[in-house]
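Line order of the protein sequences matches chains P and R. If you read the first sequence in the numbering used here, its first letter stands for residue 25, the second for the next number, and so on. If you read the second sequence in the numbering used here, its first letter stands for residue 103, the second for the next number, and so on. We put the CB at the ideal spot given by N, CA and C, even for glycine. On a predicted model such as this, the values are computed, not experimentally measured, just so you know.
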Amino acid sequence: MMANVGVEPRTQAAPSAGTSAGETPVPVVAEKPVRCAVRGVTKAFGTTPILRGVDLEIREGSFAVLVGSSGCGKSTLLRLVAGLEEADTGSLWLAGKDVTRLPPRDRDIAMVFQSYALYPHLTVKDNLAFGLKLRGTPAAEVASRIREASAMLGLDALLERLPKQLSGGQRQRVAMGRAIVRRPSIFLFDEPLSNLDAALRAEVRVEIRRLHDRLGATTLYVTHDQVEAMTLADTLWVMNKGLVEQKGAPLEVYERPCTRFVATFLGSPQMNMESGVLVTKDGATYAEGGGLSVKVDEDRFGSALTRGRKVEIGVRPHDFVPARSGAAACSLKVEIVEALGFEAFAHGWLRASGPRIIARLDAEEARRVKTGDTLPLAVDPTKVHLFDPETGRALDAE
Amino acid sequence: MNDAKPTRFEVVAVHGLLLLAVAFAVYPLLWVVALALSPAGMQGGALPLPKDPSLANFVRVLGGGGGEKAWLFATQTFNSLVVSLATAFMAVAIATPAAYALARFKFVGQRTGMRTLLATQMFPAVASAVPLYLLLDTLHLLDTRAGLVLVYASTAVPFAIFQLRGAFLSIPVDIEEAAMVDGATRTQAFLRVVLPAARPAIAVTALFAFMSAWNEFILAATILSRESAFTLPVVLQKFVGEHDAAWGPFAAGAILVSVPVMALFYVAQRQLVSGLTAGGVKG
């Protein structure tokens with residue numbers, strides 16, 4: 025599920041520098057990873073509500089990712105935890121202590137900004153040392169922590185440079201280094217990868233998870249990128265319009281989205297949606313509509329399946345498979361095939377007036393499909409998602 | 103793409119044009135230099151060529167005649183220097199915190215304050231010469247350097263606030279917030295992060311305030327009547343009297359007065375070429 029390749033088992037609350045992590049020394053972990061809790065927080069800017077009663081609980085040492093489209097309030101929530109914004113109502117707790125009214129400097133947090141926010145007039149070394157010096161850390165300790173962080177992040181050759189002499193990826197690493205040397209009780213990341221190119225983003229993403237597993241510090245990470253969210257999180261918190269819409273382990277959320285928003289937000293290309301109605305055929309329940317007729321998983325939806333009920337039928341592009349004769353759930357009129365080499369996506373529609381539908385094809389299969397073809401497709405009943413058209417909630421989450 | 107090499111004709115044309123522009127700008131200056139070097143008057147013609155060149159005009163301006171005049175020019179230079187430095191200092195010292203507040207905080211009267219400051223810039227300084235004279239008279243500050251500094255600061259401060267507010271707005275809030283998360287109070291974040299990042303802008307602002315005070319004539323001539331209290335522009339003007347004009351000493355004086363400003367520009371040019379904030383946040 026996660027990109028925790030090569031993760032060493034970590035011993036928590038070991039306040040001395042370990043040396044067992046292979047090529048680089050393991051810095052001292054956060055004194056003790058703390059629990060972070062957000063209780064009933066609301067926040068409005070002027071008359072615009074941004075957070076509308078958010079509860080969040082991040083257990084000690086876990087990696088929580090807040091994900092949502094832009095404007096959903098995730099960054100505001102992170103800034104509230106940092107102390108850079110004040111909540112209108114509700115409270116924030118770190119390590120069992122109410123920090124709602126504490127200034128950022130008294131919260132023992134470190135934050136990596138989207139813009140990196142390096143101090144432009146200071147060298148990399150002084151950027152790393154800044155927070156430690158402010159807190160009166162002895163010079164020898166400052167030097168040793170910079171050495172550790174620098175070794176971990178490969179900053180040795182950059183220590184005397186100014187931020188303007190660094191590439192985007194290097195600045196990003198310095199920003200992480202600045203957080204690491206502090207040994208905070210919680211790390212906050214505000215979309216730290218969004219200014220990097222795709223290749224570097226993938227690399228740093230793995231690096232961040234690896235660092236987290238080494239340091240064992242509680243981490244709150246904000247992103248709008250679902251790949252980051254899926255690969256980094258221990259717990260995923262999907263936000264929408266100032267509320268937490270769903271939380272859970274990433275795969276759990278992906279496989280059992282509890283609302284239409286979560287279903288369409290996670291997954292690329294996004295989940296296909298068709299309006300339909302529940303019918304009974306041969307003693308089984310089917311969802312039918314818009315050219316689609318799929319058997320649904322009765323164990324999953326249980327008593328929510330009442331005949332004649334209007335539903336939104338959701339099927340991920342990856343869950344369509346070519347149908348054997350007679351078992352097709354639908355026929356896709358192919359408009360275009362996007363071949364990516366290892367797989368392909370067929371775009372088209374089931375009915376001329378219906379919404380656009382995307383189905384994933386194997387690379388081999390895609391070679392045989394061309395524009396104008398009609399493709400019979402089937403879906404495993406356990407892969408069919410049903411939502412209430414009014415509330416948008418999944419039928420199994422009502 | 104625009105990376106084609108210019109043709110020979112283009113190169114010649116561009117350089118010819120640039121040479122013309124330089125000549126246009128430098129020609130009057132050459133006249134000043136020639137005048138300053140010609141105590142016996144200039145040769146005729148359009149070319150600025152000195153006749154019997156000597157430094158006699160400079161000696162005369164600098165009080166080479168001996169007696170009490172010998173120290174007068176030095177005193178007047180000192181006046182100019184003190185007044186200009188004090189003006190620059192006041193402008194920066196008052197405008198920096200004010201501009202920061204206007205750039206970063208929301209408070210009652212913020213917009214009105216900005217508009218009022220803008221309004222003060224609409225009036226020429228000379229329009230306030232009479233009220234300023236009366237005010238200084240009441241305060242017994244006529245004919246003093248302190249009085250002149252106050253007068254200059256009254257125009258330099260609003261301008262400096264405008265300039266510095268722009269500079270603070272261009273500094274990303276993120277770096278202040280990073281400093282606060284790192285353990286700084288807002289004051290520390292301001293002093294240790296924002297102020298260093300704004301250093302080029304502050305240097306430019308100080309330089310402008312210094313230069314405007316150094317070059318200002320009308321208010322100085324209004325407020326100062328004692329010869330030993332004069333600043334250099336007033337001194338220069340005295341060379342060109344009602345009945346005769348000592349153009350040679352005037353030109354020599356003009357060159358002497360320009361030297362400090364030129365030196366300042368030379369020293370500050372690294373700060374003037376800004377870009378210190380580049381790279382702190384994504385480029």
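Using a Cβ-Cβ distance under 9 Å, would D276 of chain R count as near chain P?
At least one beta carbon of chain P lies nearer than 9 Å to the beta carbon of D276 of chain R.
So, using beta-carbon positions, are V58 of chain P and A134 of chain P closer together than 9 Å?
The Cβ atoms of V58 of chain P and A134 of chain P lie no closer than 9 Å to each other.
Contact list for P216 of chain P against chain R, beta-carbon separation under 8 Å:
Under the 8 Å cutoff, chain R gives no residues; its nearest Cβ is about 11 Å from P216 of chain P.
Taking the DSSP output, what are the residues bridged to D21 of chain P?
For residue 21 of chain P there is no data in the structure shown, the boundaries of chain P being 25 and 422.
Pick helix, strand or coil for E336 of chain P, following the three-state DSSP scheme.
In the structure shown, E336 of chain P sits in a strand (DSSP, three-state: E or B).
Selection of the stretch 309-341 of chain P by Cβ proximity to chain R, strictly under 9 Å:
When CB distances to chain R are screened at a threshold of 9 Å, not a single residue of the stretch 309-341 of chain P falls below it.
Give a yes or no on whether the minimum CB-CB distance between L108 of chain P and chain R is below 9 Å.
True, the Cβ-Cβ gap to chain R drops below 9 Å.
Using 10 angstroms around the beta-carbon of Q196 of chain P, count the other beta-carbons present and answer buried if the total reaches 16, otherwise exposed.
Counting Cβ neighbours within 10 Å, Q196 of chain P comes out buried, since at least 16 surround it.
With 9 Å set as the bound, which would you pick, yes or no: does the beta-carbon of R229 of chain P sit closer than that to a beta-carbon of chain R?
Chain R, which has no Cβ nearer than 9 Å to the Cβ of R229 of chain P, makes this no.
So is D346 of chain R buried or exposed if we call it buried at 16+ other beta carbons inside 10 Å?
Label assigned to D346 of chain R: exposed.
Beta-carbon separation of G350 of chain R and A138 of chain R under 9 Å?
The Cβ atoms of G350 of chain R and A138 of chain R lie closer than 9 Å to each other.
Out of curiosity, what's the CA-to-CA distance linking L151 of chain R and V342 of chain R?
Between L151 of chain R and V342 of chain R, the C-alpha separation is close to 22 Å.
Grouping DSSP H, G and I as helix and E and B as strand, with all else coil, what is M364 of chain R?
Correct three-state label for M364 of chain R: helix.
With 16 other Cβ atoms within 10 Å as the buried cut-off, status of Q270 of chain P
It is buried - the Cβ of Q270 of chain P has at least 16 other Cβ atoms within 10 Å.
Any 3 or more C-beta pairs closer than 8 Å across the stretch 170-179 of chain P and the stretch 190-210 of chain P
A contact is defined here as three or more CB-CB pairs under 8 Å, and the stretch 170-179 of chain P meets this definition with respect to the stretch 190-210 of chain P.
Does the beta carbon of G285 of chain R sit closer than 9 Å to a beta carbon anywhere in chain P?
So, interface residue.
Leaving out five residues before and five after P413 of chain P in sequence, what residues of the same chain have Cβ atoms less than 6 Å from its Cβ?
Here the set comprises K334 and E336.
Distance check for A221 of chain R and F292 of chain R, CA to CA, integer angstroms please.
Straight-line Cα distance between these residues: approximately 28 Å.
Would you grab the beta carbon distance between V246 of chain P and R185 of chain P for me? Rounded to a whole angstrom, and I think it's under 8 Å.
Actually they are not in contact, since the Cβ atoms of V246 of chain P and R185 of chain P sit about 28 Å apart, beyond 8 Å.
Starting from the C-beta of E508 of chain P, find all residues in its chain whose C-beta is less than 8 Å away, skip the five residues before and the five after it, and write them out in chain order.
Nothing in the structure corresponds to residue 508 of chain P, since chain P is present only between 25 and 422.
Give me the chain P residues within the contact set of V210 of chain R, using Cβ-Cβ distance strictly less than 8 Å, ordered along the chain.
Those within 8 Å of V210 of chain R in chain P number zero; the least Cβ separation is about 16 Å.
Just how far apart, CA to CA, sit P186 of chain R and A193 of chain R?
The identity of residue 186 of chain R in the sequence shown is Ser, whereas the question assumes Pro. Linking S186 of chain R to A193 of chain R through their CA atoms gives a straight-line distance of about 10 Å.
Is the CB of V295 of chain R under 9 Å away from at least one CB in chain P?
So, interface residue.
Determine the DSSP secondary structure at H371 of chain P, reduced to helix, strand or coil.
Looking at H371 of chain P - three-state DSSP - the assignment turns out to be strand.
List the residues of chain P that E279 of chain R touches, going by C-beta distances under 9 Å, in chain order.
Under the 9 Å cutoff, chain P gives R103, A106, L108, P128, M135, F137 and A141.
Is there a Cβ from chain R that is less than 9 Å from the Cβ of G396 of chain P?
Chain R contact via Cβ: absent.
Express the C-alpha separation of H236 of chain P and G315 of chain P in angstroms, rounding to a whole number.
Linking G315 of chain P to H236 of chain P through their CA atoms gives a straight-line distance of about 47 Å.
Whether or not the stretch 193-213 of chain R and the stretch 332-339 of chain R are in contact is what I'm after, with contact meaning three or more pairs of Cβ atoms, one per stretch, closer than 8 Å; do they touch?
Counting C-beta pairs with one atom in each stretch, the stretch 332-339 of chain R and the stretch 193-213 of chain R have fewer than three that are closer than 8 Å, which means they do not touch.
C-alpha distance - P108 of chain R paired with Y129 of chain R, whole-angstrom precision:
So the two alpha carbons sit approximately 30 Å from each other.
Take P260 of chain R and list the residues in its own chain whose beta-carbon comes closer than 7 Å to its own, dropping the five residues that flank it on each side.
So the qualifying residues of the chain are L219, T222 and Q223.
What first and last residue would you give for the alpha helix (DSSP H) that runs through R234 of chain P?
Under the DSSP assignment, R234 of chain P falls in the alpha helix (DSSP H) whose first and last residues are A222 to L239.
Leaving out five residues on either side along the sequence, give the residues of the same chain with a beta carbon under 7 Å from the beta carbon of F325 of chain P.
Within the same chain, F325 of chain P has close Cβ partners L410, L419 and D420.
Nearest to R162 of chain R by alpha carbon, out of R:T257, R:A348, R:L366 and R:A365?
The option with the nearest alpha carbon to R162 of chain R is R:A348.
Can you list, in chain order, the residues of its chain whose CB lies under 7 Å from that of V363 of chain R, leaving out five sequence neighbours each side?
Result list for V363 of chain R: M313 and W316, in chain order.
Compare the C-beta of F69 of chain P with all C-beta atoms of chain R and state if any pair is closer than 9 Å.
Using a Cβ-Cβ cut-off of 9 Å, F69 of chain P does not count as an interface residue toward chain R, since no Cβ of chain R sits closer than that to its own.
Can you tell me whether I360 of chain P is buried or exposed, with buried defined as 16 or more other CB within 10 angstroms of its CB?
Exposed, since its Cβ has fewer than 16 Cβ neighbours within 10 Å.
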